[in-house]
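Taken in order, the sequence shown gives residues 0 to 177; the numbers are from numbering that gives the first Met the number 0.
Cβ atoms here follow ideal geometry from the backbone N, Cα and C, with glycine treated the same way.
As the structure is a prediction and not an experimental result, all values here were calculated from the model.
Beneath this line is the structure, given in structure tokens, with notes to follow.
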Amino acid sequence: MTKLLVFGGSLRHHSFNYQLAQAIVAQLDPQVEVTWADLSALPLLNQDLESTTPTAVQTLRDQVLAADKLLIVSPEYNESIPAYLKNALDWLSRPMDVNDRHSAAASANKPVAIASAAGKDAGLPVRQQLDHLVRFIGMQPITASLGVALPVESWTSGDLILDADYQTAVANFAHALG
């Protein structure tokens with residue numbers, strides 16, 4: 000059984016990207032065991048905190064280590080990575096043994112897939128930045144990223160609306176993921 004850890008959407012519970020993460024998960028093989036990461040309790044990365052790893056950081060590291068693959072579904076804030084997600088990835092990039100700066104990080108060699116729902120550019124800037132960042136911290140992208148351009152109806156209703164082409168793209172992305 001494959002274990003997938005999902006970094007799903009923004010901190011807002013009904014965000015478009017949380018809905019996209021749910022749509023992707025719904026298309027996965029039923030044998031995939033899905034866990035959702037909670038990034039809301041992570042403290043800001045601070046080297047003063049590293050010697051006594053905060054509980055929320057250790058929980059996230061343990062989840063990443065237990066997962067076979069990661070799925071990051073991110074909004075785009077000002078054409079960039081949201082602060083809470085960048086912070087989580089920064090924590091995961093740090094050596095797990097604070098006494099050995101060359102020790103492995105939780106992010107090392109972890110397979111990851113990236114998706115985003117955003118405006119007319121379908122989150123391209125954030126997907127490109129995430130692709131660069133996850134590679135830099137040692138993760139291994141396993142498929143091309145998925146971008147969904149939100150239609151006007153989504154913005155007015157608050158619901159992720161996927162046309163037939165995007166439904167197919169989500170299904171293909173989920174198939175490639177797992």
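Report task. Measure from the C-beta of residue 90 to each C-beta in chain B and report whether the shortest distance is under 8 Å. Result -> In the displayed structure, chain B is absent; only one protein chain is listed.
Query - 4-residue-minimum alpha helix (DSSP H) runs that sit fully inside the segment 100-168, ordered along the chain - result: 123-135, 151-156
Query raised in the report: Residue range of the beta strand (DSSP E) that residue 24 falls in?
Result: No beta strand (DSSP E) contains residue 24, which is instead part of the alpha helix (DSSP H) from 15-25.
Query raised in the report: Who does residue 79 pair with in a DSSP beta bridge?
Result: 76
Query - Where residue 34 sits in the DSSP three-state scheme - result: strand
**Report entry** Counted within 10 angstroms of its Cβ, other Cβ atoms place residue 119 as buried (16 or more) or exposed
**Finding:** exposed
**Report entry** residue 5: first and last residue of the uninterrupted beta strand (DSSP E) it sits in
**Finding:** 2-7
Query raised in the report: How do the segment 71-80 and the segment 100-107 stand: do at least 3 beta-carbon pairs fall below 8 Å, yes or no?
Result: no
Report task. State the DSSP-derived secondary structure class of residue 176, mapped to helix, strand or coil. Result -> helix
Query raised in the report: What is the DSSP secondary structure of residue 84, counted as helix, strand or coil?
Result: helix
Query raised in the report: How about residue 147 and residue 121: are their beta carbons less than 8 Å apart?
Result: yes
**Report entry** Through-space distance from residue 162 to residue 134, alpha-carbon basis
**Finding:** 31 Å
Query raised in the report: Nearest to residue 51 by alpha carbon, out of 87, 97, 31, 67?
Result: 97
Query raised in the report: Exposed or buried, residue 127, counting other C-beta atoms within 10 Å across all chains shown (16 or more means buried)?
Result: exposed
Query - Assigned secondary structure, residue 64 (DSSP; H/G/I helix, E/B strand, else coil) - result: helix
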